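Novice: Sending over a structure as structure tokens; questions will come in a sec.
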Amino acid sequence: MTVRWDAVVQENRFWSEPRRGVPDAACAGEPVAVQVWLFGRLGDAGLPRPLELTLRPPVRICHVIDELGRIGGEELRRKLAGPGSGKLPACRVFVDGAPIEDADAPIEVHSAPARVEVILLTGIEGG
Numbered sequence: 365m366t367v368r369w370d371a372v373v374q375e376n377r378f379w380s381e382p383r384r385g386v387p388d389a390a391c392a393g394e395p396v397a398v399q400v401w402l403f404g405r406l407g408d409a410g411l412p413r414p415l416e417l418t419l420r421p422p423v424r425i426c427h428v429i430d431e432l433g434r435i436g437g438e439e440l441r442r443k444l445a446g447p448g449s450g451k452l453p454a455c456r457v458f459v460d461g462a463p464i465e466d467a468d469a470p471i472e473v474h475s476a477p478a479r480v481e482v483i484l485l486t487g488i489e490g491g
């Protein structure tokens, strides 16, 4: 039996199930705690795991990528994003288990801290 890596159960739901609850701190304009987990080729970037960030709402993946570039250096940022602010197609991002494709869309934060998982897939991994 083959199980897809994105079809695992987390917090008693499948990642593809709709979110439950109401956004918390983002509604109030308070800073949002973001816990970043780097996987794949990004795991050896020399950054703590998880990396704790505090960002002002609206939180977007492009903001997370920019902050990772500030902390981890321009080489790390280039692995995640192209010349613009969008993420590279081989870079997969999940927020609280849900996939995010648009790096400029505001993230709905449903937990504190929001868990952002960043995976950089190599060609052999499907990226």
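Number 387 in my numbering belongs to position 23 of the sequence shown; there are no gaps in the numbering. All residues carry an ideal CB built from backbone N, CA and C; glycine is no exception. Note that the structure is predicted; figures quoted are calculated from it, not measured.
1. Taking A467 as the reference, give the member of A476, P477, V482 with the closest Cα.
2. With a threshold of 8 Å, are at least 3 pairs of Cβ atoms found where one atom belongs to the region 445-465 and the other to the region 421-428?
3. With distance defined between alpha-carbon atoms, name the residue in D430, T418, A409 nearest to P477.
4. Using the Cβ count rule (16 or more neighbours within 10 Å means buried), how would you classify A469?
5. How big is the Cα-Cα spacing for G436 and G410?
6. Ends of the beta strand (DSSP E) at I505?
7. For E416, name the three-state secondary structure that DSSP assigns.
8. Using three-state DSSP, classify V428 as helix, strand or coil.
9. Give me, in chain order, the residues of the same chain whose beta-carbon lies closer than 7 Å to that of L440; leave out the 5 immediate sequence neighbours on both sides.
10. Could you please give me the residues that DSSP links to P470 through a beta bridge?
11. So, using beta-carbon positions, are V400 and L415 closer together than 9 Å?
12. Using the C-alpha atoms, what's the distance from L402 back to I429?
Specialist: Taking the structure as given:
1. Within the sequence shown, the letter at position 103 stands for residue 467. With distances taken between Cα atoms, A467 lies closest to V482.
2. yes
3. Mapped onto the sequence shown, residue 477 falls at position 113. With distances taken between Cα atoms, P477 lies closest to T418.
4. Taking the first residue of the sequence shown as 1, we reach residue 469 at position 105. Exposure of A469 is indicated by the presence of fewer than 16 other C-beta atoms within 10 angstroms of its C-beta.
5. The sequence position of residue 436 within the sequence shown is 72, counting from 1. The sequence position of residue 410 within the sequence shown is 46, counting from 1. Answer to the nearest angstrom: the Cα atoms are 8 Å apart.
6. Since the first residue shown for the chain is 365 and the last is 491, residue 505 is missing from the structure and cannot be characterised.
7. The sequence position of residue 416 within the sequence shown is 52, counting from 1. Strand.
8. The residue given as residue 428 occupies position 64 in the sequence shown. Note: V428 maps to helix in three-state DSSP.
9. Within the sequence shown, numbered from 1, the residue matching residue 440 stands at position 76. Correct list, in chain order: A409, L432, G433.
10. Numbered from 1 along the sequence shown, position 106 holds the residue referred to as residue 470. In the DSSP output, where bridge partners are listed per residue, P470 has R424.
11. As a working mapping, residue 400 is identified with position 36 in the sequence shown. As a working mapping, residue 415 is identified with position 51 in the sequence shown. Against a cut-off of 9 Å, the Cβ pair of L415 and V400 comes out as a contact.
12. Within the sequence shown, the letter at position 65 stands for residue 429. Within the sequence shown, the letter at position 38 stands for residue 402. A direct Cα-to-Cα measurement between I429 and L402 gives close to 11 Å.
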